[in-house]
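Asker: Right, I'll just put the structure down here and ask away after.
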Amino acid sequence: MRKKIIAGNWKMNMTPTEAVNLVNTLKPLVNNEEVDVVFCVPAIDIIPAMEAAKGTNIHIGAENMYFEESGAYTGEISPKMLEDAGVKYVVIGHSERREYFAETDETVNKKVLKALEHGITPIICCGESLTQREQGITIDWIRQQIKIAFLNVTADQAKTTVIAYEPIWAIGTGKTATTEQAEEVCAAIRACIGEIYDEATAEAIRIQYGGSVNAGNAAELFAQPDIDGGLVGGASLKPDFGKIVCYNQ
Ligand code: 13P
């Protein structure tokens, strides 16, 4: 049985002071032994959020990192820095990074390899646009994203990673994919991992759904056989996140 993983993606929200307050507010609400709970926060919030989360079940993750160890890359955060800070998860290739910061499947692959090298679990994002869905090329598109993201990743490494399927048209729009749509793509992603590697790797890898997840739809989404949790944007900044994490209680 795969353990569910429910992660908040705070995006560019919360000052360090606000971050500490939010962790303190959510702390008592996200206590669910059956779920890995991750808050992916802005880089400047990582240290204070970790301090605030000490002694709880909350893991603090990053929202991005660069694929070099150090050097002349003004403004970037390296995997070495995240590792030293004790960060165990990092979101890689979110559609907003692809859209606004020119990330590609190739840079995603480089980042995935680097994160793994540093013992950090990448949460690898994929997802189609509305046009792609309407043109019926969703599965082809996602398979391409996955195949490139996992280039040179070993089966043992792949087993430890997390994939987040986030249809772009469902992000921040209040328009959730139907349970059937989400399950169909998550199952296709698992099949693709099975083709690249083997059955055992496909069974081990955890696949999240993301895109307008809220307290009302979480339980049904997470009950699907190929959906192992969620990557939650807007609702992760509110006490409602507690209801999402405790979807089975
Ligand atoms: P929303 O939950 O706000 O739709 O955002 C989803 C997302 O992009 C999480 O990474």
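For reference, each letter of the sequence shown is one residue, going 152 to 400 in our numbering. The C-beta atom is built at its ideal place from N, Cα and C for all residues, glycine as well. Please read these numbers as outputs of a predicted model, since none were measured by experiment.
#1: Are the segment 169-180 and the segment 233-240 touching, with three or more C-beta to C-beta distances below 8 Å?
#2: At the level of alpha carbons, what is the spacing between G159 and I198?
#3: Grouping DSSP H, G and I as helix and E and B as strand, with all else coil, what is A369?
#4: Are there any heavy atoms of ligand 1 lying less than 7 Å away from the beta-carbon of A353, as far as the coordinates show?
#5: Leaving out the 5 sequence neighbours to the left and right, which residues in its chain are closer than 7 Å to N260 when beta-carbon positions are compared?
#6: With a cut-off of 8 Å on the beta carbons, I'd call E279 and I319 a contact; round off their distance for me.
#7: Please look up how many angstroms separate the CB atoms of V241 and M216, rounded, as I've assumed it's under 8 Å.
#8: Would you call D377 buried or exposed, if buried means 16 or more other Cβ atoms sit within 10 Å of its Cβ?
#9: Where does the unbroken beta strand (DSSP E) through L382 begin, and where does it stop?
#10: By alpha-carbon positions, which one of V364, D349, K239, T329 ends up nearest to V192?
#11: Leaving out five residues on either side along the sequence, give the residues of the same chain with a beta carbon under 6 Å from the beta carbon of S387.
#12: Quick check on the burial criterion: 16 or more other C-beta atoms within 10 angstroms. Buried or exposed for E317?
#13: How would you label K162, buried or exposed, when you count the other beta carbons within 10 angstroms and need 16 or more for buried?
#14: How many whole angstroms separate the CB atoms of R357 and V313, which I take to be in contact at a CB cut-off of 8 Å?
#15: Could you spell out where the beta strand (DSSP E) holding Y224 opens and where it closes?
#16: Any heavy atom of ligand 1 closer than 7 Å to the beta-carbon of A170?
#17: What did DSSP end up calling V189 once you bin it into helix, strand or coil?
#18: Pick from C397, A353, A370, Y398: whose alpha carbon is nearest that of K153?
#19: Any idea which residues DSSP pairs N160 with across the strands?
#20: For the segment 280-350, list the alpha helix (DSSP H) runs that are entirely contained and at least 4 residues long, ordered along the chain.
#21: CA-CA distance, I211 and V181?
#22: Is E257 buried or exposed, if buried means 16 or more other CB atoms sit within 10 Å of its CB?
Answerer: On the basis of the data shown:
#1: With the cut-off at 8 Å, the segment 169-180 and the segment 233-240 do not touch.
#2: Their backbone Cα atoms lie some 17 Å apart in a straight line.
#3: A369: helix per DSSP, three-state reduction.
#4: With a cut-off of 7 Å, the C-beta of A353 is classified as distant from ligand 1, since no heavy atom of the ligand falls inside that distance.
#5: Only I299, A300, L302 meet the Cβ criterion.
#6: Cβ atoms of E279 and I319 come within 8 Å of each other, at about 7 Å.
#7: The Cβ separation is near 5 Å, so the contact holds.
#8: Using a 10 angstroms sphere on the CB of D377, the tally of other CB atoms reaches 16 or more, which defines it as buried.
#9: Element bounds for L382: 380-383.
#10: Checking every option, the nearest Cα to that of V192 belongs to K239.
#11: For S387, the CB contacts under 6 Å within the same chain, skipping 5 residues up- and downstream, are G159 in chain order.
#12: By the neighbour-count criterion, in which a residue is buried when 16 or more other Cβ atoms sit within 10 angstroms of its Cβ, E317 is buried.
#13: When all chains shown are included, K162 counts as buried.
#14: Going by Cβ atoms, the distance from R357 to V313 rounds to 5 Å, so yes, they are a contact pair.
#15: Unbroken run through Y224: none, as it is neither H nor E.
#16: Flag unset: Cβ of A170 not near ligand 1.
#17: Reduced to three states, the DSSP call for V189 is strand.
#18: Checking the sequence shown, residue 153 turns out to be Arg, not Lys. Nearest option by C-alpha distance: A353.
#19: Paired residue(s): C191.
#20: Entirely contained in the segment 280-350, the alpha helix (DSSP H) runs reaching 4 residues are, in chain order, 281-285, 289-300, 306-311, 330-347.
#21: Just so you know, the alpha carbons of I211 and V181 end up roughly 13 Å apart.
#22: The residue is exposed, with fewer than 16 neighbouring Cβ atoms inside 10 Å.
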